[in-house]
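**Q** My questions will all concern the structure given below.
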Amino acid sequence: MISFGRGSKQDARDEENRVEMKIFWISLPFLAGVFLVNLRYVPGTFLFLVGGALILIGIALFFSARREIRLTKEVRAEESDLEGIVSSLEDALVAYDENFKVFFFSPAAEKLFKLQRDDIVGHKLQAQDVEKSDLQLLTQVVFPSLAPGMISRSPIGTYPQVVELSFADPALELRVVTSPINDGRGGIIGFVKIVRNRTREAFLIKSKNEFLTVASHQLRGPITNIDWALQTLLEDKTLSQGSASLVQSASTASKELLAIIEDLLNITKIEEGHFGYNFQPMNLVEFVNKVLTEALPQARRASVKLFFDKPKEQVPQTIIDPQKLSMVFNNLLDNAIRYNVLNGEVVVKIDRLPDRPFVEVTVKDSGIGIPPQQVEKIFTKFFRADNALKFQTEGSGLGLYIAKNIIQAHGGQIWTESELNRGSVFHFTLPTDPTLIPPHEVVIE
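Take the sequence shown: its letter number 6 is residue 5 in numbering that gives the first Met the number 0, and every next letter is one higher.
In structure tokens, the structure reads:
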């Protein structure tokens with residue numbers, strides 16, 4: 000165990016070296032005594048053998064002592080390096096045994112919890128310590144359920160456990176990662192917590208989201224009025240063909256701008272964990288059939304065929320938020336139609352996964368595809384593939400990011416496979432077991 004002692008360590012190390020060599024020096028007189036006894040009672044031939052054996056024993060003791068000193072120095076060097084690493088960490092480290100007795104407290108922990116190592120090491124933490132002002136914060140970190148605000152980012156019973164803790168007075172945002180300490184035989188002898196102070200980071204994220212929310216709300220009103228005025232102008236039969244075409248282009252642009260503003264507002268809610276899900280049991284086949292019916296006019300306008308490959312076996316009821324999942328389908332279908340080729344096709348399929356409580360939905364198109372080196376970036380904010388930018392200049396690059404977070408909030412995963420100029424296949428899974436749906440929204444970073 001690393002020790003952050005305050006006293007001088009060099010004298011202690013020198014003393015340990017002297018003790019290790021002392022064994023050798025004490026053994027020398029003993030070996031000499033044994034040789035003198037043998038000198039008197041053992042015949043000359045055997046005396047030579049005994050003397051040789053004693054010399055070898057002495058040499059072995061000497062090198063053994065030297066080896067022990069060398070190994071001790073190496074261990075001390077490793078401890079010193081580890082101590083330097085731990086001392087330089089910005090994250091606080093706290094370790095305690097199975098009885099919640101603290102046996103390690105890093106310098107960063109001293110700074111965060113405003114406690115001295117010597118005062119807390121050896122102390123057995125209890126839930127009642129939350130009533131003590133000096134131990135309150137540490138107790139709430141060790142017993143997260145006592146914190147004013149807690150969001151778990153890990154399934155219960157799995158390690159490492161990751162939780163987000165929020166405190167109001169003073170404002171403090173902590174991320175706590177808990178891992179078990181094993182005894183090497185499969186048993187657990189304690190736990191170590193890594194505590195990161197995310198207060199400034201959380202403040203910056205909140206400030207950014209507040210700015211986006213205010214700006215989006217302020218923009219939405221005027222643009223809505225502009226769009227309404229443009230719609231009114233389009234109804235004027237006295238407009239010339241050129242003027243009507245110009246007004247139509249402006250109306251289309253205003254609608255696209257409103258869609259971007261709505262996406263920005265949705266992202267802000269998602270990242271703050273306030274998107275607001277309303278889950279309910281649904282027949283997924285009927286739900287998808289309705290979504291495809293609504294997308295059919297767009298597909299016809301783009302000369303793209305739309306197919307639904309219905310499952311051959313019955314799909315169990317799925318717990319979904321219809322409004323949010325509609326956003327996922329609308330985005331995937333809009334992309335599949337918009338970036339398709341003339342007389343292309345889009346096929347939507349539902350499969351029940353064998354031996355797993357999930358269904359898999361695929362949306363396959365015959366469109367332009369995604370460059371191989373850009374597939375991994377397709378679900379990130381504001382990203383649009385190079386060929387998509389050339390094919391359709393309009394777009395915010397936010398739809399797939401929103402879709403990914405919606406699917407994850409449903410307890411599923413989303414991914415894609417694509418071949419350039421041959422089309423893309425988007426897959427996502429949805430659990431049929433309600434217990435696999437996360438119990439609450441989490442803050443997205």
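Note that CB positions come from ideal geometry on N, CA and C, so glycine has one too.
What do you reckon, are the CB atoms on Ile180 and Val191 nearer than 8 Å?
**A** Cβ atoms of Ile180 and Val191: closer than 8 Å.
**Q** Under 8 Å, do Ser395 and Phe381 count as touching if we go by C-beta distance?
**A** Yes; because the gap between Cβ atoms is below 8 Å, this pair is in contact.
**Q** Going by DSSP, what residue range makes up the beta strand (DSSP E) through Gln373?
**A** From DSSP, Gln373 is part of no beta strand (DSSP E); its letter is neither H nor E.
**Q** Could you name each continuous alpha helix (DSSP H) segment of 4 residues or more that falls completely within the segment 376 to 444, going from the start of the chain to the end?
**A** Listed in chain order, the complete alpha helix (DSSP H) runs (minimum 4 residues) inside the segment 376 to 444 are 385 to 390 and 398 to 408.
**Q** Tell me the residue span of the beta strand (DSSP E) that contains Gly189.
**A** Start and end: Ile187 to Asn196.
**Q** Measure the alpha-carbon distance for Phe103 versus His122 and round it to whole angstroms.
**A** Straight-line Cα distance between these residues: approximately 11 Å.
**Q** Does the count of Cβ pairs from the segment 222 to 238 and the segment 192 to 212 closer than 8 Å reach three?
**A** No, the segment 222 to 238 is not in contact with the segment 192 to 212.
**Q** Using 8 Å as the Cβ pair cut-off and three pairs as the minimum, do the segment 93 to 111 and the segment 150 to 168 touch?
**A** No: fewer than three Cβ pairs fall under 8 Å.
**Q** In terms of alpha-carbon separation, which member of Asp128, Gly148 and Lys389 lies closest to Asp168?
**A** Measuring from the Cα of Asp168, the nearest candidate turns out to be Gly148.
**Q** Can you tell me the Cβ-Cβ gap for Ile377 and Thr415, rounded? I've got them flagged as a contact below 8 Å.
**A** Confirmed, Cβ separation roughly 6 Å.
**Q** Please classify Gln160: does DSSP put it in a helix, a strand, or coil?
**A** Of the three classes helix, strand and coil, the one that applies to Gln160 here is strand, per DSSP.
**Q** Quick check: the Cα distance between Val101 and Ala94, rounded to an integer number of angstroms?
**A** In a straight line, the C-alpha of Val101 is about 6 Å away from that of Ala94.
**Q** Let's see if you can read the secondary structure: which residues bound the beta strand (DSSP E) around Lys304?
**A** Counting along the chain, the beta strand (DSSP E) containing Lys304 begins and ends at Lys304 to Asp308.
**Q** In whole angstroms, give me the CA-to-CA distance for Leu137 and His273.
**A** Approximately 28 Å, taken between the alpha carbons.
**Q** Is the number of C-beta pairs between the segment 231 to 250 and the segment 315 to 323 that are closer than 8 Å three or more?
**A** In short, these stretches do not touch, since the Cβ pair count stays below three.
**Q** Kindly indicate which three-state DSSP category Leu124 falls into: helix, strand or coil?
**A** Looking at Leu124 - three-state DSSP - the assignment turns out to be coil, as it is neither helix nor strand.
**Q** Under the three-state reduction of DSSP, which class applies to Ala146: helix, strand or coil?
**A** In this structure, Ala146 counts as coil in the three-state DSSP scheme.
**Q** Assign Asp364 to one of three DSSP states: helix, strand, or coil.
**A** The answer is strand: DSSP assigns Asp364 an E or B state.
**Q** What ranges does the alpha helix (DSSP H) occupy inside the segment 238 to 273, keeping only unbroken runs of at least 4 residues that lie completely in it?
**A** With a minimum length of 4 residues, the continuous alpha helix (DSSP H) runs that stay inside the segment 238 to 273 are 240 to 271.
**Q** Is the beta carbon of Leu283 less than 8 Å from the beta carbon of Val358?
**A** Yes, these two residues count as a Cβ contact at 8 Å.
**Q** Can you tell me the Cβ-Cβ gap for Val175 and Pro143, rounded? I've got them flagged as a contact below 8 Å.
**A** Indeed they touch by this definition, with Cβ atoms about 7 Å apart.
**Q** Do Ile187 and Glu97 have their C-beta atoms closer together than 8 Å?
**A** Against a cut-off of 8 Å, the Cβ pair of Glu97 and Ile187 comes out as a contact.
**Q** State buried or exposed for Arg300, treating a residue as buried only when at least 16 other CB atoms are found within 10 Å of its CB.
**A** Arg300 is exposed by the Cβ-count criterion.
**Q** Using alpha carbons as the reference points, say which of Leu173, Leu264 and Leu233 lies closest to Ala214.
**A** Nearest C-alpha to Ala214: Leu264.
**Q** Quick check: is the beta carbon of Gln247 nearer than 8 Å to any beta carbon in chain B?
**A** Here there is only one protein chain, and chain B is not present.
**Q** Terminal residues of the continuous alpha helix (DSSP H) containing Arg337?
**A** Pro321 to Arg337 is the extent of the alpha helix (DSSP H) around Arg337.
**Q** Assuming Val347 and Phe390 make a contact with CB atoms under 8 Å, what is their CB distance in whole Å?
**A** Incorrect: roughly 22 Å between the Cβ atoms, too far for contact.
**Q** Are there 16 or more other CB atoms within 10 angstroms of the CB of Ile405, so buried, or fewer, so exposed?
**A** That one is buried.
**Q** Could you give the DSSP three-state label for Asn208: helix, strand or coil?
**A** If DSSP states are grouped into helix, strand and coil, Asn208 belongs with the helices.
**Q** Distance, Cα to Cα, Asn339 vs Arg195?
**A** Distance between the alpha carbons of Asn339 and Arg195 is about 46 Å.
**Q** Determine which residues share a DSSP beta bridge with Leu171 and list them.
**A** Answer is Phe166.
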